[in-house]
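Following: one structure in structure tokens, then a few remarks.
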Amino acid sequence: MYKKLIFISIGLFSSVANAGDFSAATQLYKVNKNIANSSTADAETTGAYAFLGYKKHALELELDRQQINNVNSQQDQTLIYSNYQLPNWQLKAGTHRIHFDASDKSLNNYTLGAQYTEYSSYGYALWLAGLDIYSADSAQFTNVLTSPIGSKLTQASPYARQYFASSKEGQYYYLEGRLNAQKFAEKVNGDDFYISAETIVGYGTPKWLFSANAILLGKNVNLLQKNGFVIQNDGFTHEKTYGIDVQYQITTRAFVKASITKQYYRDALDNKNNFTNSGLFVGLNF
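For the sequence shown, position 172 matches number 615 in this note's numbering, and the numbering has no gaps at all.
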């Protein structure tokens, strides 16, 4: 069974409309997962995300439900608190709970993070660097109806992003690198330590935001991503990932985003396979 893989546009601080000391934003999304050579674990996820900000405090919430091949379902709840009281720093802590309806069991995952951003005299971000630490009740599954079994996972993900100004006004580029180091309490798929490297390239205009991401180096199992909102919990060994996001700003407050990602993995019998996630997101800033 595959844990959900959702592509949530976090980083809303760059686009949230401020109303005095308050800011807020929301997104609705739907993600379809299609597995090559098999439809037994295809899945459909629908959910909602909300951001609430007050002065130098922020709260992010996510609720969604995944239906797996019309046989099994699970529910996810995520809560992330961020603090900006230290100049240029974001400190965050949160939790992500997964409940499996068929087995009536739950998994709990926790997030701690810190990020430093350097700004220009005009208020534009020049570069940023940070570290996310995850602790997860990592699980594996033999089929969509079994109870989860697995090993405790600790993951450290340092990252850095550099922004580049474009010759055209209002346009910019960025390049981000991220390292994911995973340590399991017990061996999973023959090893208890995995490391992988992710690269993200982005291009933005006042109306459009394009980004491409790839994991080309290393391997990962049950990887946690996107501030703890994205958790892949299938227990398989993932080798390569490619993804593209395209976002269009309809108005100053409303936007729409499309996302597609392809992942290659080896299953419990060491057979190679892949799956594709395609998502649609609609967002509104208040």
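C-beta atoms are modelled at their ideal positions from N, C-alpha and C, and glycine is treated no differently.
Classification of Gly566 by the beta-carbon crowding that lies within 10 angstroms, buried from 16 upward: One-based indexing of the sequence shown puts residue 566 at position 123. The residue in question, Gly566, is exposed, as its Cβ has fewer than 16 Cβ neighbours within 10 Å.
Do Leu505 and Tyr492 have their C-beta atoms closer together than 8 Å? For the purposes of this step, residue 505 is taken as the residue at position 62 of the sequence shown. For the purposes of this step, residue 492 is taken as the residue at position 49 of the sequence shown. One detail in the question is off: residue 505 reads as Glu in this sequence, not Leu. Going by C-beta atoms, Glu505 is nearer than 8 Å to Tyr492.
Gly620, DSSP secondary structure in three states: For the purposes of this step, residue 620 is taken as the residue at position 177 of the sequence shown. Note: Gly620 maps to strand in three-state DSSP.
In this structure, does DSSP put Gly671 in helix, strand or coil? One-based indexing of the sequence shown puts residue 671 at position 228. Looking at Gly671 - three-state DSSP - the assignment turns out to be helix.
Report the option in Asp575, Phe724, Gln598 and Ala479 whose CA atom is closest to the CA atom of Leu534. Along the sequence shown, read from residue 1 onward, the residue named residue 534 stands at position 91. The residue with the shortest Cα to Cα distance from Leu534 is Asp575.
Does Tyr606 pass the burial test, meaning 16 or more other C-beta atoms within 10 Å, or should it be called exposed? As a first step, residue 606 is located in the sequence shown; it is residue number 163 there, counting from the start. Tyr606 is buried by the Cβ-count criterion.
Report the partner residues of Lys662 according to the DSSP bridge assignment. Translated into the one-based positions of the sequence shown, residue 662 becomes position 219. DSSP output for Lys662 lists no bridge partner at all.
Exposure of Glu503, with buried meaning 16 or more beta-carbon neighbours within 10 Å: On the sequence shown, residue 503 is found 60 positions in, with the first residue counted as 1. By the neighbour-count rule (16 or more Cβ atoms within 10 Å), Glu503 is buried.
Own chain partners of Tyr553 with C-beta closer than 6 Å, once the 5 adjacent residues on each side are dropped: Counted from its first residue, the sequence shown places residue 553 at position 110. Thr538 and Ser578, listed in sequence order.
Could you give the C-beta distance for Lys662 and Glu682, rounded to a whole number, given that I count them as a contact under 8 Å? Your numbering for residue 662 matches position 219 in the sequence shown. Your numbering for residue 682 matches position 239 in the sequence shown. Between Glu682 and Lys662 the Cβ distance is about 6 Å, and since that is below 8 Å, they are a contact.
Taking 8 Å as the cut-off, decide whether the C-beta atoms of Gln625 and Val673 are in contact. As a position in the sequence shown, residue 625 is number 182, starting the count at 1. As a position in the sequence shown, residue 673 is number 230, starting the count at 1. No, these two residues do not count as a Cβ contact at 8 Å.
Assigned exposure category for Ala479 - 16 Cβ within 10 Å defines buried: Residue numbering aside, residue 479 sits at position 36 when the sequence shown is read from its first letter. Ala479 comes out exposed.
Specify, as a first and last residue, the run of the beta strand (DSSP E) that Thr642 falls within. Residue numbering aside, residue 642 sits at position 199 when the sequence shown is read from its first letter. Asp634 to Gly647 is the span of the beta strand (DSSP E), which, as asked, contains Thr642.
Measuring only the C-alpha atoms, how far is Asn717 from Asn513? Start at 1 with the first residue of the sequence shown, and residue 717 comes out as number 274. Start at 1 with the first residue of the sequence shown, and residue 513 comes out as number 70. Between Asn717 and Asn513, the C-alpha separation is close to 21 Å.
Measuring only the C-alpha atoms, how far is Leu572 from Gln668? As a working note, residue 572 is residue 129 in the sequence shown. As a working note, residue 668 is residue 225 in the sequence shown. In the sequence on display, residue 572 carries Ala and not Leu. Each residue's alpha carbon lies about 16 Å from the other.
Leaving out the 5 sequence neighbours to the left and right, which residues in its chain are closer than 8 Å to Ile453 when beta-carbon positions are compared? As a position in the sequence shown, residue 453 is number 10, starting the count at 1. In this prediction, Ile453 scores a pLDDT of 37, lower than 50, which makes its location untrustworthy; no coordinate-derived value is stated.
Please go through the same chain and pick out, in chain order, the residues whose beta-carbon is closer than 6 Å to the beta-carbon of Gly496, but skip the five residues on each side of it. Stepping through the sequence shown from its first residue, residue 496 is reached at position 53. Within the same chain, Gly496 has close Cβ partners Ser466.
Residue range of the beta strand (DSSP E) that Lys476 falls in? Walking along the sequence shown from the start, residue 476 turns up at place 33. It spans Phe465 to Ile478 - the beta strand (DSSP E) in which Lys476 sits, taken as one unbroken run.
Would you kindly report the start and end of the unbroken beta strand (DSSP E) that includes Pro530? Along the sequence shown, one-based indexing puts residue 530 at 87. Premise fails: Pro530 is in no beta strand (DSSP E) and is neither H nor E.
Could you check how far apart the C-beta atoms of Asn531 and Thr560 are, in whole angstroms? I think they sit under 8 Å. The residue you call residue 531 lines up with position 88 of the sequence shown. The residue you call residue 560 lines up with position 117 of the sequence shown. Confirmed, about 6 Å.
Quick check: the Cα distance between Ala608 and Asn632, rounded to an integer number of angstroms? Position 165 of the sequence shown holds residue 608. Position 189 of the sequence shown holds residue 632. Approximately 44 Å between the Cα atoms of the pair.
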